[in-house]
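2 protein chains.
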Amino acid sequence: MPYALCYINNRFLPYAEAKLHISDLGLQRGYGIFDYFLEMDGKVPFLDDYLDRFYRSGVLTGLNVPLEREMLKEKIFWLLGQNGLRNSGIKLVLTGGCSEDLYTPPSTPNFMILNLPVSHKPGEFSEGVKLILLDYVRYMPEVKTTFYFPSIALFPKMKATGAIEVLYHHNGLISETTRANIFLVRKSVLITPSPGVLQGITRKHVLGVAKDLLAIEEREVRLEELWECDEVFITGTSKHLIPVVEIEGRTIGDGRPGKWTRVISGKFEDFYNQVISDAPAGLSS
Amino acid sequence: MPYALCYINNRFLPYAEAKLHISDLGLQRGYGIFDYFLEMDGKVPFLDDYLDRFYRSGVLTGLNVPLEREMLKEKIFWLLGQNGLRNSGIKLVLTGGCSEDLYTPPSTPNFMILNLPVSHKPGEFSEGVKLILLDYVRYMPEVKTTFYFPSIALFPKMKATGAIEVLYHHNGLISETTRANIFLVRKSVLITPSPGVLQGITRKHVLGVAKDLLAIEEREVRLEELWECDEVFITGTSKHLIPVVEIEGRTIGDGRPGKWTRVISGKFEDFYNQVISDAPAGLSS
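Which chain is which? The protein sequence lines are A and B, in order.
Residue numbers for the first sequence, in the numbering used here: 26 to 310.
Residue numbers for the second sequence, in the numbering used here: 26 to 310.
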């Protein structure tokens, strides 16, 4: 990993040497967006979904991605080919650039493509995980900004309670967790918060595979519904589907991964594997 | 300026060479706090107020300032002495450090002291400025986090309207602007929002000099009160007091800087100059 390459501002260089001047507005003012997706056997499932979202984040925030889509894909696959990590993560980060007064955005942003080992594996949390709660709403929830301060500041509480994510709620409604979307199952209905959440790519495809199995409600979800439902799971790029068995010390359902969670997870994994096997090899191969 | 020194992680180095590895959590996850104050003729007015706030920000967010106060002062004044900028800004920035997985905070933070030229001068905006509005509440408003994304993304609108700051409001209440506290004057009463705002050092001393002049109300302030009051001004470290004559296209009072604003501003400038003249010279002189 220390020898892996990354890409910064039109240059490939070893990750260990990847530095930015401290006048970067991502660092000084939190003015940055990103996206993150996985490479599996040299392929990148749902790559266009992720790039759609990344370019849209840029448009919504005034940050212009300095590479056109085809050129960006070319850089990504060249990097993957060089690094040869196999089953790795790709993170795109775009910041406001280096600012003379540490405040006013310059005309040139800073843009990087990072290629990192994956820390979680699907199935790792199949016995179910715990969440904790935080009264918080992300700014522009449809955008993947780099602002994770509220949940990172809760690391000590997460460690103490064994929770892996923080679930945000505000004005009595839940939205999403630190790095995942949330789903509830109650009486064979699949419920997930909308609007006011990141449009997760895994969320989208889970809804796709679930729609033939049970009724779906995308709507505002009250915090109290967590205590009345049968099952809860979260979805994310690295996580796929993870059952949730406890939230802020309260047991969800019967405290074990639910049967619908298992069924939907199985369907999603089948779909995911099919997508990978159908996908053309990357541009570099 | 390119030759000025700064301090990063126990090392003094030229600002132009001040870089951090891109795994820094301030950059990747917005996990950073800062503070900012001015040097005037080699002295730093209200230094202990600013340091109190910076250390408190650290305690509230789990970020530990790696230098004790006296050592920190010593570094600051050594830097000021070396740079000799005269009337400059000092910015302290503390981030979660460089993280292997770009998420989990390591045990060692990144800490820097920057010494920069000042871009605004007191009195520059004495004819009054414009603000625009944004429905937004800062996370942990008592802490100076680095997250300025919402207002920086509004730069194009600020430029188009000639506004210099964004005033935040939520649920019908106003709080503060991007980089300043706000005050209203109505019928000889000075009103300023509290709680839910940054405890500005200039705010504190403005309240101090104003309390013998007129009645003061620190309380929740409704957005509508802006349209019913006689005067509005904002306060900040670089700005001191600046009259506000227009907010989101609506004229405040009679559209000119108010008489109480002028009186309080005069009192504050007298106090400020007295503090500087009374202050002992910095440790380096």
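All residues carry an ideal CB built from backbone N, CA and C; glycine is no exception.
Note that the structure is a prediction, hence the values are computed from the model and not measured.
- The continuous stretches of alpha helix (DSSP H) do not include proline 70 (chain B), and DSSP gives it neither H nor E.
- At a cut-off of 7 Å between beta-carbon atoms, leucine 52 (chain A) makes contact with chain B.
- Under the three-state reduction of DSSP output, serine 48 (chain B) falls in the coil class, being neither helix nor strand.
- Between phenylalanine 37 (chain A) and aspartate 60 (chain A), the gap from beta carbon to beta carbon reaches 7 Å or more.
- Closer than 7 Å to the CB of isoleucine 47 (chain B) there is at least one CB belonging to chain A.
- Beyond the five residues adjoining it in sequence on each side, tyrosine 75 (chain A) comes within less than 7 Å, by CB distance, of Asp60, Phe62, Ile226 in the same chain, given in chain order.
- Using a Cβ-Cβ cut-off of 7 Å, glycine 87 (chain B) counts as an interface residue toward chain A, since at least one Cβ of chain A sits closer than that to its own.
- Close partners of tyrosine 164 (chain A) in chain B (Cβ separation under 7 Å): Tyr161, Phe174, Pro175.
- Just measuring C-alpha positions, the residue of A:Thr171, A:Lys236, A:Ile157 sitting nearest glutamate 190 (chain A) is A:Ile157.
- In the DSSP annotation of this structure, the continuous segment of the alpha helix (DSSP H) that includes aspartate 303 (chain A) starts and ends at 284 to 303.
- The alpha carbon of phenylalanine 71 (chain A) has as its nearest neighbour, out of A:Glu242, A:Lys182, A:Lys229, A:Ser219, the alpha carbon of A:Lys229.
- Across the stretch 116 to 145 of chain B, CB contacts with chain A closer than 8 Å involve Lys116, Val118, Thr120, Gly121, Asp126, Leu127, Tyr128, Thr129, Pro130, Met137, Leu139, Leu141, Ser144, in sequence order along the chain.
- Under the three-state reduction of DSSP, phenylalanine 208 (chain B) is assigned to strand.
- At a cut-off of 7 Å between beta-carbon atoms, alanine 178 (chain B) makes contact with chain A.
- Annotation for serine 200 (chain B): Tyr193, Pro218, Gly221, Val222 place their beta carbon closer than 6 Å to its own, counting only its chain and skipping 5 residues before and after.
- For a Cβ distance threshold of 8 Å, residue set Leu52, Gln53, Arg54, Gly55 of chain A lies close to threonine 171 (chain B), ordered along the chain.
- Comparing alpha-carbon positions, the option among B:Lys182, B:Gly278, B:Lys44 lying closest to cysteine 123 (chain B) turns out to be B:Lys44.
- Counting the other CB atoms within 10 Å of its CB gives valine 257 (chain A) a total of 16 or more, which places it among the buried residues.
- Residue pairing of leucine 139 (chain B) in beta bridges, as defined by DSSP: B:Lys116.
- When DSSP states are grouped into helix, strand and coil, alanine 188 (chain B) belongs to the strand group.
- Chain order gives the chain B residues near proline 181 (chain A) as Gly87, where near means a beta carbon separation below 7 Å.
- Residue pairing by DSSP places histidine 194 (chain A) opposite A:Asp160, A:Ile199 in a beta bridge.
- Taking 7 Å as the threshold, the shortest C-beta distance from lysine 44 (chain B) to chain A falls below it.
- Burial is judged here by how many other beta carbons sit within 10 angstroms of a residue's own beta carbon; arginine 54 (chain A) has at least 16 and is buried.
- Contact annotation: the stretch 202 to 217 of chain B touches the stretch 254 to 270 of chain B, with at least three C-beta pairs closer than 8 Å.
- Taking the Cα of histidine 195 (chain B) as reference, the smallest distance to any Cα among B:Lys68, B:Gly153, B:Glu243, B:Glu249 is reached at B:Glu249.
- Below 8 Å, enough C-beta pairs join the stretch 137 to 155 of chain B and the stretch 277 to 290 of chain B to call them touching: three or more.
- Contact holds between the stretch 157 to 172 of chain B and the stretch 171 to 183 of chain A, because three or more Cβ pairs, one in each stretch, are under 8 Å apart.
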